[in-house]
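Data first, discussion second: the structure below is written as structure tokens.
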Amino acid sequence: MTLPLLAMLAVALALFYWAWIASPRSIQTGREQLLREQGQAAGATFFPVDPRRMLGDWDGTSILFDPDARKACIVFRGKSALTVDFEYFRTWQLLWTEDFRQPAIWRFQHVHFLFETSDFDRPTIRVAVPSIPYGEAWNSKLSILMS
Numbered sequence: 002m003t004l005p006l007l008a009m010l011a012v013a014l015a016l017f018y019w020a021w022i023a024s025p026r027s028i029q030t031g032r033e034q035l036l037r038e039q040g041q042a043a044g045a046t047f048f049p050v051d052p053r054r055m056l057g058d059w060d061g062t063s064i065l066f067d068p069d070a071r072k073a074c075i076v077f078r079g080k081s082a083l084t085v086d087f088e089y090f091r092t093w094q095l096l097w098t099e100d101f102r103q104p105a106i107w108r109f110q111h112v113h114f115l116f117e118t119s120d121f122d123r124p125t126i127r128v129a130v131p132s133i134p135y136g137e138a139w140n141s142k143l144s145i146l147m148s
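Read in order, the letters of the sequence shown correspond to residues 2 to 148 in our numbering.
Below is the structure:
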């Protein structure tokens with residue numbers, strides 16, 4: 002009776018370790034390597050990551066900026082990346098949907114930046130942001146960066 006219970010506990014601990022410790026570390030290591038390679042190839046610095054210069058999050062599309070080199074690294078779900086000059090971004094808009102049926106705290110949904118690019122194959126890039134005030138702050142930062 003106790004032997005199967007101990008075996009199940011051991012399997013549960015092994016799965017917990019893999020899901021919450023080992024796997025996230027390997028994902029982070031791969032992301033760091035990706036950013037190092039992109040930075041070296043472009044002559045920019047994207048690693049270590051400065052959260053003040055990163056728009057978006059690793060689960061979706063994120064953009065890391067190097068204002069000194071005037072380069073941006075667009076990272077797609079933390080797995081692939083594209084390094085571009087600031088001139089790649091033609092315009093950007095902060096957009097959201099508003100649902101008046103929801104309470105005020107959930108009224109603004111799908112808050113994101115929509116970047117128009119000079120790339121025929123990828124004319125727009127969408128980057129989600131957590132809130133309108135955060136997006137407004139980044140709107141000002143983008144104006145400073147791109148000038």
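All C-beta atoms in this analysis are idealised placements derived from N, C-alpha and C, irrespective of residue type, glycine included.
#1: Counting Cβ pairs, one atom from each stretch, are 3 or more of them under 8 Å apart for the region 48–64 and the region 76–94?
#2: Would you list the one or two residues that DSSP bridges to Ser-81?
#3: According to DSSP, which residues form a beta bridge with His-113?
#4: Given this structure, state the Cα-to-Cα distance separating Met-55 from Gln-103, to the nearest angstrom.
#5: Just list the residues that DSSP pairs Phe-90 with in beta bridges.
#6: Label Ala-45 either buried or exposed according to how many other C-beta atoms from any shown protein chain fall within 10 Å of its C-beta, with 16 as the threshold for buried.
#7: Answer yes or no: do Phe-116 and Arg-108 have a C-beta to C-beta separation smaller than 8 Å?
#8: How would you label Thr-84, buried or exposed, when you count the other beta carbons within 10 angstroms and need 16 or more for buried?
#9: Where does Asp-67 land, buried or exposed, given buried means 16+ other C-beta within 10 angstroms?
#10: Just reading off the beta strand (DSSP E) that Thr-62 is part of, what are its end residues?
According to the structure data:
#1: yes
#2: Phe-77
#3: Leu-96, Ala-129
#4: 30 Å
#5: Thr-118
#6: buried
#7: no
#8: buried
#9: buried
#10: 62–67
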